[in-house]
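Structure first, then comments.
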Amino acid sequence: MIAAARAEALDVLVVGAGFGGLYALHKLRAMGWRTRALDAAPSVGGTWWANRYPGARVDIQSLEYSYSFSESLQQDWHWTERYAAQPELLRYADHVADRFDLRRDLQLDTRVTGARFDEAACRWQVETDRGAWSARFLVLAIGPLSSPNLPAFDGLDRFAGQVLHSAAWPLAPVDLAGRHVAVIGTGSSAVQIIPIVAAQAETLTVFQRTPAYAVPARNGPLDPAWEARIKADYAGFRARNRRMYSGFGCELSPRPMSALDAAAGDREAAFEERWGIGGFSLLGAFPDLLTNLRSNELAADFVRRKIREIVRDPVTASRLCPGYPIGCKRLCVDTGYYDAYNQPGVRLVDIGADPIEAITPGGLRAGGRDHRFDTLILATGFDAYTGPLLRIDLRGRDGLRIEDKWRAGPLNYLGLTIAGFPNLFYVAGPGSPSAFTNFFVAVEHHVDWIADCISWLDARGGRAIEASESAEAAWVAQVNLAPQRTVFTHCNSWYLGANIPGKPRVFLPLVGGFPAYAERCAAVAERGYDGFVVR
Ligand code: N01
């Protein structure tokens, strides 16, 4: 670990020590750049450090949700389960930090508070809560989902019991035995928390504003035969996944037809097969499930029938059935979510119909009714994509402030750069396909592209590189247009910023698939960083 903060002149400062930041530090340092990484947390791991709520687990299979940059790493590391749980993912992050000797250039417990581009020096001057740094290039690997959403519920500060947030869970174990617990929210975090809490707590009341679609994970010990088969040609498996729309799932192909054209029995068999396989595979049963509302409705109806089969109380089952297209909000991958509602102490309250009026000292009031509990779990998600960047007082050329630049939405080029902010790159930010992509495939791509760009600039003696405003405008137009041809605009979701009051409603991630995006980024580079201005 490097010594206490000081104004140190670097080539590259990486912000974030999650999986994006760790790889950025490794890659850029190996290329000879004087690189450091900072993270506000006391540990590496990023989202897997912060989201340590009970039940936290990845929703992409671990043999796919892992680094591909090192053959020896991917051969040596053994995942114990098909979908790794949070502690195992954290062990993996720690292992990577140790294995590649990253800690000597890593400073934890250090929050970046501001960064200003010094035009005369062509450098970023970075402020942290532990001193200042100066770097030629700034790489923000701060994660799209790292700024928790804490809704401004009236009376929250007067609640007499314990308040927990899924994305800021305490380090010390929380014993819920004998407690009367409430969960607000029914997104991916809540869907993982609820079955665990249902098994531990005396009672559990779930406050649902909008029902989620959840599909079974079918988690279990990792099949050694499958692991051996993948490891026999891991590079080939990774390459095939990089050609997939979402950067994973290469071993399953959709039926080669619209869901509407399949015979009813075949369609049902396809959905059943995917329900049995588990995870996101259901959405890949037919190629048009996310682009054709009528096809989508067939899959949505299949899941609603499953919910009614699992949940014994018909009123609760009906409340749990979503009315919007499946996949419009990110699909949840669960273990025992719907079944949890069959337990005697578990209740579902519809706050879509009867919104929360106030948190009271002993619970909350909604629709004129008082609900009593002693522990409140907010599983209310994140201020996605823009929240993490806007927490930093970021100023580009001519003092341009990021909050002014992004007042109407996150202007960017390729989801990697921002006009007016030279030599600044971000990993898995707005305008990139990260939310729809295996995160490891996304971050390895972004970091490799950034590393190539920096090398190219340096090799031709350039001091600064910056997206042009015209290239940025064209990119943002594409990001906004692409979802119009899909089901993604037919509900309120964090993809649209709709979960945060007052946030501009613009589509944040890029729709269109990882391969097309990667091709576009490669073409930009091949054409001499088309759309960029070099000084
Ligand atoms: O957050 P969410 P999340 N009053 O925004 C409700 C990833 N992830 O933390 O739908 C009442 O999905 C909100 O209601 P509504 C994954 O990408 C992955 O669960 O806005 N309710 C919703 O029900 C995921 O998509 C895993 O009407 C309020 C819930 O809170 C992303 O992180 C696990 C409210 C928030 O759901 C976010 O998931 C966990 C209010 N004022 C997360 N505000 C894996 O499995 C919000 N809600 C790997």
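Residue numbers (this note's numbering): 3 to 537. Cβ atoms here follow ideal geometry from the backbone N, Cα and C, with glycine treated the same way. Just so we're clear, the structure is a prediction, and the values are computed from it rather than from any experiment.
Residue i, enclosing alpha helix (DSSP H) - first and last residue
i: G249; result: Careful: G249 lies outside any alpha helix (DSSP H) and carries neither H nor E.
i: C493; result: Unbroken run through C493: none, as it is neither H nor E.
i: D406; result: I404 to K407
i: I353; result: Per DSSP, I353 belongs to no alpha helix (DSSP H) and is neither H nor E.
i: G209; result: Sequence inspection shows Phe at residue 209; the Gly mentioned does not correspond to that position. Here F209 belongs to no alpha helix (DSSP H); instead the beta strand (DSSP E) covers T205 to Q210.
i: E275; result: A266 to I279
i: R240; result: Y236 to R244
i: V185; result: No alpha helix (DSSP H) holds V185; the beta strand (DSSP E) holding it covers H182 to I186.
i: V478; result: E471 to L483
i: A302; result: L295 to I312
Close Cβ partners of residue i (< 7 Å) along its chain, the five nearest in sequence each way excluded
i: G411; result: P506 and V508
i: H447; result: A520
i: R54; result: Q88 and W171
i: V526; result: L416, D532 and G533
i: A143; result: V16, V17, G18, G20, G22, G23, A26 and V429
i: G530; result: none
i: T439; result: S248, G249 and F516
i: G338; result: P197
i: V481; result: G433, F509 and L512
i: I62; result: F250 and N440
DSSP state of residue i mapped onto helix, strand, coil
i: F139; result: strand
i: G23; result: helix
i: I502; result: coil
i: W81; result: coil
i: F102; result: coil
i: L510; result: coil
i: V429; result: coil
i: L1; result: The structure shown does not extend to residue 1, since the chain spans only 3 to 537, so no value can be given for it.
i: I394; result: coil
i: T49; result: helix
i: P150; result: strand
i: A386; result: coil
i: Q109; result: strand
i: L166; result: strand
Element boundaries [beta strand (DSSP E), containing residue i]
i: P223; result: Neither: P223 is in no beta strand (DSSP E) and is coded neither H nor E.
i: D61; result: Taken as a continuous stretch (DSSP letters only), D61 belongs to no beta strand (DSSP E), as it is neither H nor E.
i: D336; result: C334 to D336
i: P218; result: A216 to P218
i: F161; result: Unbroken run through F161: none, as it is neither H nor E.
i: W126; result: R125 to T130
i: D372; result: R371 to R374
i: V526; result: Unbroken run through V526 is the alpha helix (DSSP H), F516 to E528; no beta strand (DSSP E).
i: F119; result: V114 to D120
i: T377; result: T377 to L380
Own chain partners of residue i with C-beta closer than 6 Å, once the 5 adjacent residues on each side are dropped
i: M3; result: Residue placement at M3 cannot be trusted, given a pLDDT of 34 that sits under 50; the coordinates are not used to answer.
i: A466; result: C124, P424, N425 and R537
i: A437; result: P511
i: R8; result: Only weak support is given to the placement of R8: the predicted model assigns it a pLDDT of 48, under 50, and the value that follows is read from those uncertain coordinates. Same-chain partners within the cutoff: G133.
i: R367; result: E359 and A360
Buried or exposed by the 16-neighbour rule on C-beta atoms within 10 Å, applied to residue i
i: R84; result: buried
i: S74; result: exposed
i: T82; result: exposed
i: V317; result: exposed
i: H80; result: exposed
i: R462; result: exposed
i: R397; result: buried
i: P432; result: buried
i: D41; result: buried
i: G383; result: buried
Sequence-distant residues of the same chain with beta carbon closer than 8 Å to residue i, five excluded per side
i: A43; result: A19, W51, A52, L110 and D111
i: P223; result: T82, E83 and R84
i: A99; result: A19, L24, V46, R105 and L108
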